[in-house]
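Peer 1: Per the numbering used here: the sequence shown = residues 2 to 217.
One structure follows; several queries about it will come next.
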Amino acid sequence: MTSALDFLDVALAAQAFVTLFVILDPLGTSPIFLALTATMDERTRRRTARHALYAAAGLIYAFALFGTQILASLSIGLPALQAGGGVVLFLTALEMLKGDILDPESAEGVNVAIVPLGVPLLGGPGAISAVMVFMTGTSGGGLPLGRQVSVVIAIGAVLIVTYLALRYAGILRRVLKENGIHLVTRVMGMILVAISVELVATAVQAYVAGASALPG
């Protein structure tokens, strides 16, 4: 009798899990999540964590299963996604640095669960490109069903860990107190600026490399 382990590719699942865990960085995202939800009560913060994971999961799974077709139909490449994600993060970082994001009135009606938490912080270009690579065979074709299921399970496991990190980020908030949250907000804003610049720079490099590779 064939066992589930025989059907699944455990090594591929482990590799995909570790790679996505590093890219999504649940522990590093938690302080950013706290800064973006500083004006929310505990119940709203938990709901925001759920919605952010729903948004990220939907995007990541969509690109894992249909990424090649989606990009081809829109005639865009991954560098364009990277540049767009970098711009969104940069605008959010500016709000964090100025402290605007800590103003309850300015946050009214804004759903940070979708942007920038779900996209592009969690479901960003790095995660999208990684799952597309894992779901593609070495010959450029699709993977056997067992290997595809292995990657899908690994994605789900990372998303669950990420949700738990955000769900219990309130513990960190209780330790930091109000002044600590303001400090973390500014620091995370500077870090997000660096991440956004890196995303745009990587996209530009990819465009330049693609242009230089074209026959002159």
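Ideal Cβ positions, reconstructed from N, Cα and C, are used throughout, including at glycine.
Because the structure is a prediction, the values reported are computed rather than measured.
Under 8 Å Cβ to Cβ from LEU98, same chain only, skipping five residues before and after it: list those, please.
Peer 2: Closer than 8 Å at the Cβ level, and outside the excluded window around LEU98, lie ARG187, GLY190, MET191 and VAL194.
Peer 1: How far does the alpha helix (DSSP H) with MET41 in it reach, from first residue to last?
Peer 2: Per DSSP, MET41 belongs to no alpha helix (DSSP H) and is neither H nor E.
Peer 1: Please report the distance separating the alpha-carbon of ALA166 from that of SER213.
Peer 2: Their backbone Cα atoms lie some 42 Å apart in a straight line.
Peer 1: Ignore the nearest five residues each way along the sequence and tell me which others in PHE8's own chain have a CB closer than 7 Å to its CB.
Peer 2: Same-chain partners within the cutoff: GLY147.
Peer 1: In angstroms with no decimal places, state the Cα-to-Cα distance between ALA210 and ARG47.
Peer 2: About 43 Å.
Peer 1: Anyone know if the C-beta pair for LEU25 and VAL159 falls short of 8 Å?
Peer 2: Contact: yes.
Peer 1: Is DSSP giving GLY157 helix, strand or coil here?
Peer 2: Three-state result, GLY157: helix.
Peer 1: Hey, how far is the Cα of ILE196 from the Cα of GLY87?
Peer 2: Cα-Cα distance, rounded: 7 Å.
Peer 1: On a CA-only basis, which of GLY29, ALA39, VAL11 and VAL132 is nearest ARG175? Give me that one, please.
Peer 2: Closest option to ARG175, Cα to Cα, is ALA39.
Peer 1: Can you give me the start and stop residues for the alpha helix (DSSP H) that GLY85 sits inside?
Peer 2: Per DSSP, GLY85 belongs to the alpha helix (DSSP H) from 79-99.
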